[in-house]
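*Asks:*
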Amino acid sequence: VLTYTCHPFIIGRGHRIMMLERLIRRLTDEGAVFQRMDATADEFKNRMAAA
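Just so it is clear: in the sequence shown, position 28 is 681 by the numbering used here, and no numbers are missing.
1. CB ILE664 to CB LEU676, shorter than 8 Å?
2. State the DSSP-derived secondary structure class of ARG689, mapped to helix, strand or coil.
3. Taking the CB atoms as reference points, tell me whether THR693 and VAL654 lie closer together than 8 Å.
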């Protein structure tokens with residue numbers, strides 16, 4: 654789990670939002686999944702129950 658927190662005054666700058674978009678595109682190309690934390694917690698619980 655990797656959580657990014659971005660303040661709108663900082664990330665809202667044009668060049669920074671472009672870099673964030675590039676990062677997201679690269680991560681998804683590499684197989685990263687973006688989902689809500691509750692979904693991640695549920696997936697973890699299910700995996701631990703099966704182990």
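From the three backbone atoms N, C-alpha and C, an ideal C-beta is built for every residue, glycine too. Treat the numbers as computed from the prediction; the structure is a model and nothing was measured.
*Replies:* Considering the structure as presented:
1. At a Cβ-Cβ threshold of 8 Å, ILE664 and LEU676 do not count as neighbours.
2. Three-state DSSP puts ARG689 in coil, outside helix and strand.
3. Their beta carbons are under 8 Å apart, which means THR693 touches VAL654 by this criterion.
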